[in-house]
Each structure stands twice: as structure tokens, then as C-alpha cells.
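**Q** Dropping the structure in here first, questions after.
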Amino acid sequence: MIKELVDLSATKDGSDGLDRAFLALADPVRRAIIARLSRGPATVNELAEPFTITKQAVSQHIQVLEKAGLITRTREGQKRPCHLDAAALEALTSWIDQYRLATERRYRNLDGLLTQMQTEEP
């Protein structure tokens, strides 16, 4: 399953980045890693602590998150901490918001129509 996410091919409309990000976030372990990184950088060992899976499995999850553009890794001496890429999360939020705002607008229109219908009834 992890290999499938890493080997995604580009889609026709160029949304492969979104696809990779959402597929990466579909896994609860990767969502937990993202949640942990939202509090600050962490090494693979630190990220692996709360899980009952191997460090190798955590490393594979980190690779998926890296390929999805959601996290980055730096080198600090012998440590390679992972960092959350806030800009990537903001791009996902923006994509979701465009649909949320359109849906909210439709509901407001529906509410207005229902209110108008109620006031017109004798």
C-alpha cells in the first residue's frame, strides 16, 4: 500500500500533488505523524515512540509524507529531523475552502428562500 502511494503517476489535470497529499493523509499513522509535527520538528525515533510498528514502517510513512510534499527533512549533525510544511497544508486548506464556501453560499440561499416562503404563506 505504501509503495502504491509513492509511485503515483501524474494525473491529466495536474492534481497529482493534491492526490498524493490526500492519499498520504488517508492513513491514521501518517495523520498522527502530521499532528505530532504540528508541535515541532522530530526525528524518526521520536515519531516512532507512540506506535507499535517498526521504525522501518515509520520511515516508510515519512517517505510517503515527504513525496506528498507535506513534510521536509533537514540534517543537524547526525540527526535528520522532520518538519511540517505549513505551506503544503495551507494549499490543501485552500482547496477545501473553495468548496466549503460554495456549499455555504448555497445553504444561505436555501435558507433565504425558505424564510421568504414562510413569510409569504397566509
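Going by full-length UniProt numbering, the letters in the sequence shown line up with residues 1 to 122, in that order. The beta carbon of each residue, even a glycine, is placed where N, CA and C say it ideally should be.
(1) Given a threshold of 16 other Cβ atoms within 10 Å of its Cβ, counted over all protein chains shown, does Leu70 qualify as buried or as exposed?
(2) Between the stretch 80–87 and the stretch 42–50, do three or more beta carbon pairs fall short of 8 Å?
(3) Measure the C-alpha to C-alpha separation of Arg31 and Asp19 and round it to an integer number of angstroms.
(4) Can you tell me whether Leu101 is buried or exposed? The criterion is at least 16 other CB atoms within 10 Å of its CB, across all chains shown.
(5) Can you tell which of Gly77, Ala91, Leu110 and Asp111 has the C-alpha that lies nearest to the C-alpha of Phe22?
(6) Taking the beta strand (DSSP E) that Leu84 belongs to, which residues open and close that run?
(7) Using the three-state DSSP reduction, which class does Thr74 fall into: helix, strand or coil?
**A** The relevant details are as follows:
(1) As a working note, residue 70 is residue 70 in the sequence shown. Buried.
(2) yes
(3) Working through the sequence shown from its first residue, we reach residue 31 at position 31. Working through the sequence shown from its first residue, we reach residue 19 at position 19. Each residue's alpha carbon lies about 15 Å from the other.
(4) Here residue 101 refers to the residue found at position 101 of the sequence shown. Counting Cβ neighbours within 10 Å, Leu101 comes out exposed, since fewer than 16 surround it.
(5) Here residue 22 corresponds to residue number 22 of the sequence shown, with the count starting at 1. Of Gly77, Ala91, Leu110 and Asp111, the residue nearest in Cα terms is Ala91.
(6) Here residue 84 is taken as the residue at index 84 of the sequence shown, counted from 1. Looking at the DSSP string, the run of the beta strand (DSSP E) that includes Leu84 is Cys82 to Leu84.
(7) Looking up residue 74 in the sequence shown gives position 74. Residue state, collapsed to three classes: coil.
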